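Enquirer: Encoded as structure tokens, here's the structure I'll be asking about.
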Ligand code: BES
Ligand code: ZN
Ligand code: ZN
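In this note's numbering, the protein residues as written are 3 to 495.
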């Protein structure tokens with residue numbers, strides 16, 4: 003995956019052949035007009051825009067000839083001033099639609115260097131396409147080599163470097179998540195993360211086989227035991243030169259979720275290679291945080307297994323023991339994410355961090371509750387607030403669900419400390435998942451207080467975009483919330 007080179011130019015000089023110039027269109031006293039632009043637009047003065055189908059509506063685009071064999075792309079910007087999130091999305095959608103050109107030049111007026119950076123970041127995030135598995139047929143063509151914003155408000159070299167690092171980590175996540183389970187399984191996911199972390203300052207440990215048993219990771223072992231391709235625990239550590247705060251991240255890394263012996267129906271199984279999005283996201287965020295040298299310690303646990311049905315698979319009614327000693331009655335082997343996260347959250351808690359954030363494609367129910375554009379977040383209010391602030395900062399969407407403690411009795415077990423599901427229950431599934439995870443944070447299972455602030459992000463609905471691309475979101479793996487996690491680390495540090 004290559005991204006276009008991102009450039010800023012102080013002013014417009016001349017039209018270049020085969021280059022597309024993006025021009026804003028807005029309404030003024032009810033009339034359609036070409037907006038303020040540093041690009042020469044006098045050619046358009048006599049053009050009847052409306053008759054060409056040009057509109058001021060956001061995301062609309064019409065192309066018309068420009069001087070010197072160049073092209074104008076007339077893009078609707080609505081009638082309100084654009085926020086940096088609007089600009090990022092416009093930059094992304096425009097660059098994606100114009101990706102068959104080699105060069106795209108943005109002629110939006112930017113008010114400051116953050117605006118300029120947002121357009122460039124959008125252009126890079128928006129021109130991702132998953133072509134790795136196209137054989138003889140062509141994929142989505144991305145020919146774009148440069149994206150230029152003409153503005154006197156230039157981002158600093160550090161800001162440009164940050165965009166590069168963020169885009170790389172989002173695209174790393176997308177590439178991993180888009181891989182079929184045939185190629186991406188616990189061993190290869192762990193190795194891919196190790197490779198990506200090289201030179202970033204993140205140290206990587208991979209635990210397999212005996213080590214998992216020695217460490218008492220009963221959840222990861224239980225979920226992984228049905229597959230011929232054994233589970234892994236990956237620990238990533240970034241220690242900054244300065245910075246007192248400590249953030250722990252935990253990711254669900256099910257490389258394929260068949261449901262196990264509680265097998266999913268054929269239709270529900272499709273897409274379950276995306277069930278490792280949490281792990282890919284926290285890994286990519288950790289690497290970005292290290293490359294940006296943010297002043298915060300980060301310890302990250304990837305809980306990786308393939309959930310398969312077989313003669314060695316765990317059974318419904320099995321009882322397993324998580325790392326923190328809590329015993330779990332497995333009533334449904336398809337509620338496996340919480341089993342592997344039980345170990346990950348226990349390990350993270352042992353590090354005594356200030357904050358733990360876990361990221362998981364945990365429940366189909368979150369899509370029923372919130373639709374496909376919001377992640378559900380739950381947990382301690384201070385941590386939830388911090389995640390929400392970070393998401394707001396980067397233009398990603400989260401919504402808090404109440405972790406209602408009264409629902410906890412639903413997953414009482416007759417024979418173990420807790421059950422992984424309430425069989426037959428059809429309501430509040432996302433909250434019940436959150437309540438289950440809560441038992442593995444700090445000493446909460448013993449009813450003791452701890453000083454850890456924890457938030458759980460259920461990204462089951464947002465990991466994958468089944469519809470058409472929009473804004474910075476491509477088809478398939480979205481790479482969402484990597485930028486939120488990096489912003490969170492920035493805020494906490
Ligand atoms: N990986 C799924 C959750 C999921 C569903 C992600 C749809 C993306 C799209 C998870 O492991 C699962 O199967 N959860 C069950 C939980 C239930 C058994 C309590 C679910 O959502 O049905
Ligand atoms: Zn499942
Ligand atoms: Zn799953």
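Don't be surprised by glycine CBs; every beta carbon is placed ideally from N, CA and C. Everything numeric in this text was worked out from a predicted model, so none of it was measured.
By DSSP, does residue 455 sit in helix, in strand, or in coil?
Expert: DSSP places residue 455 in strand when its eight states are reduced to three.
Enquirer: Should residue 259 be counted as a contact of ligand 2 given a C-beta to heavy atom distance under 7 Å?
Expert: At least one heavy atom of ligand 2 is nearer than 7 Å to the Cβ of residue 259, so yes.
Enquirer: Less than 8 Å between the CB atoms is what I'm expecting for residue 280 and residue 255, so what's the real figure, rounded?
Expert: About 7 Å separates the two Cβ atoms, so the contact holds.
Enquirer: Consider the C-beta atom of residue 339 and the heavy atoms of ligand 3; say whether any pair is separated by less than 7 Å.
Expert: Yes, ligand 3 has a heavy atom inside 7 Å of this Cβ.
Enquirer: May I ask whether a heavy atom of ligand 1 can be found less than 7 Å away from the beta carbon of residue 334?
Expert: Result yes, Cβ under 7 Å from ligand 1.
Enquirer: Is residue 114 near ligand 3, going by C-beta to nearest heavy atom under 7 Å?
Expert: Flag unset: Cβ of residue 114 not near ligand 3.
Enquirer: What residues in its chain sit with their C-beta under 6 Å from that of residue 458, if we drop five residues either side in the sequence?
Expert: Same-chain partners within the cutoff: 360, 380, 381, 436 and 439.
Enquirer: I'd like to check one pair, residue 253 with residue 284: are the Cβ atoms closer than 8 Å?
Expert: Cβ atoms of residue 284 and residue 253: closer than 8 Å.
Enquirer: Taking the alpha helix (DSSP H) that residue 205 falls in, what are its first and last residues?
Expert: Premise fails: residue 205 lies in the beta strand (DSSP E), 205-209, not in any alpha helix (DSSP H).
Enquirer: Relative to the alpha-carbon of residue 88, which residue among 45, 123, 104 and 201 has its alpha-carbon at the smallest distance?
Expert: The shortest Cα separation from residue 88 among 45, 123, 104 and 201 belongs to 123.
Enquirer: As a quick exercise: from 442, 416 and 396, pick the residue whose alpha carbon is nearest that of residue 484.
Expert: Taking only the C-alpha atoms, the option nearest residue 484 is 396.
Enquirer: Could you compute how far the alpha carbon of residue 372 sits from the alpha carbon of residue 193?
Expert: In a straight line, the C-alpha of residue 372 is about 34 Å away from that of residue 193.
Enquirer: Go ahead and label residue 331 buried or exposed: buried means 16 or more other beta carbons lie within 10 angstroms of its beta carbon, across all protein chains shown.
Expert: Burial call: buried.
Enquirer: What does the alpha-carbon distance come out to for the pair residue 172 and residue 480?
Expert: For residue 172 and residue 480, the distance between alpha carbons rounds to 8 Å.
Enquirer: May I have the straight-line CA-CA distance separating residue 154 from residue 5, to the nearest angstrom?
Expert: So the alpha carbons of these two residues sit roughly 24 Å apart.
Enquirer: Whole angstroms are fine: how far does the CA of residue 316 sit from the CA of residue 324?
Expert: Their Cα atoms are separated by approximately 14 Å.
Enquirer: If you run the structure through DSSP and keep just helix, strand and coil, what is residue 474?
Expert: Three-state DSSP puts residue 474 in coil, outside helix and strand.
Enquirer: Pull the bridge partners of residue 382 from the DSSP assignment, please.
Expert: Its beta-bridge partners do not exist; DSSP assigns none.
Enquirer: To which residues of the same chain is residue 69 closer than 7 Å at the C-beta, ignoring the five residues directly before and after it?
Expert: The residues are 17 and 45.
Enquirer: Between residue 22 and the rest of its own chain, which residues show a CB-CB distance below 8 Å, the 5 nearest in sequence each way excluded?
Expert: Once the five neighbours on either side are set aside, the close Cβ partners of residue 22 are 65, 72, 73, 74, 75, 100, 103, 105, 106 and 107.
Enquirer: Determine the extent of the beta strand (DSSP E) in which residue 357 is found, giving its start and end residues.
Expert: Where residue 357 is concerned, the enclosing beta strand (DSSP E) stretches over 357-362.
Enquirer: On a CA-only basis, which of 92, 98 and 59 is nearest residue 80? Give me that one, please.
Expert: Checking every option, the nearest Cα to that of residue 80 belongs to 59.
Enquirer: How many whole angstroms separate the CB atoms of residue 95 and residue 473, which I take to be in contact at a CB cut-off of 8 Å?
Expert: Residue 95 to residue 473, Cβ: 6 Å. Contact.
Enquirer: Tell me whether residue 277, by its Cβ, gets closer than 7 Å to a heavy atom of ligand 3.
Expert: Yes - ligand 3 has a heavy atom lying nearer than 7 Å to the Cβ of residue 277.
Enquirer: Taking 7 Å as the limit between beta carbons, can you name the residues of its chain near residue 133, skipping five residues before and five after?
Expert: Cβ within range, chain order: 141 and 142.
Enquirer: Measuring straight from C-alpha to C-alpha, what distance separates residue 339 and residue 466?
Expert: Between residue 339 and residue 466, the C-alpha separation is close to 17 Å.
Enquirer: Suppose only complete runs of 3+ residues qualify. What are the beta strand (DSSP E) ranges in the segment 78-138, listed by chain order?
Expert: DSSP runs (the beta strand (DSSP E)) wholly in the segment 78-138: 105-108.
Enquirer: Tell me whether residue 144 sits in a helix, a strand or coil according to DSSP, three-state version.
Expert: Three-state result, residue 144: coil.
Enquirer: Can you tell me which residues form a DSSP beta bridge with residue 167?
Expert: The partner list for residue 167 (beta bridge, DSSP) is empty, contrary to what the question assumes.
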